[in-house]
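Residues 1 to 138, numbered by the UniProt record's numbering, are exactly what the sequence shown covers, in order. By construction, the Cβ of each residue, glycine as well, lies at the ideal position given by its N, Cα and C atoms. Note that the coordinates shown come from a computational prediction; the quantities given were computed from them, not determined experimentally.
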Amino acid sequence: MTQRTYAMLKPDVASLHRDAIVKMVTEGGFKIVAQKEYQFTLAAAQEFYAEHEGRPFFDDLTTWISSAPVYAMVLEKDNAIVDWRTFIGPTNSEKARAEAPDSIRAKYGKDGSHNAVHGSDSVESAKREILLVFPELA
């Protein structure tokens, strides 16, 4: 079943490694249906990561995500959500290097938060995240 997912290159890789990662994405069979550089405000970052509010890393994560532009994409393919999560590797970049050495997080991530990319974890999250960053797709 063709579906869409939200993919985001985080500030530490959005400009430095964007071309290489976008090439990996397209070579991985994902169709990029929308893409843009996007600057989160702190409030928008807090809304985006609302499910993590109250967790110890929330303030650092939202401050960091809003510190510089990200590169946002809407990807499409069969089973896009699960396939993208597999493609980017485990959340913690050290674990990604051990378990999925060819993944984006293994190649470009630093740790659990500075892990290069974001991927929606469910159909509901994908819809919400796409509309927050790409309201024109509503």
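What's the gap between the Cα of W84 and the Cα of M24?
Distance from the CA of W84 to the CA of M24, rounded to the nearest whole angstrom, comes to 11 Å.
Test item: CB-CB of E129 and F48 under 8 Å:
E129 places its beta carbon less than 8 Å from that of F48.
Bridge partner(s) assigned by DSSP for A7
M73 and G119
If we count the other Cβ atoms within 10 Å of its Cβ and call it buried at 16 or more, is G54 buried or exposed?
exposed
Mind checking T5: buried by the 16 CB within 10 Å criterion, or exposed?
buried
Span separating the alpha-carbon of M73 from that of S113
19 Å
Supposed close pair A100, V13 - CB separation, criterion 8 Å:
About 17 Å; that fails the 8 Å criterion.
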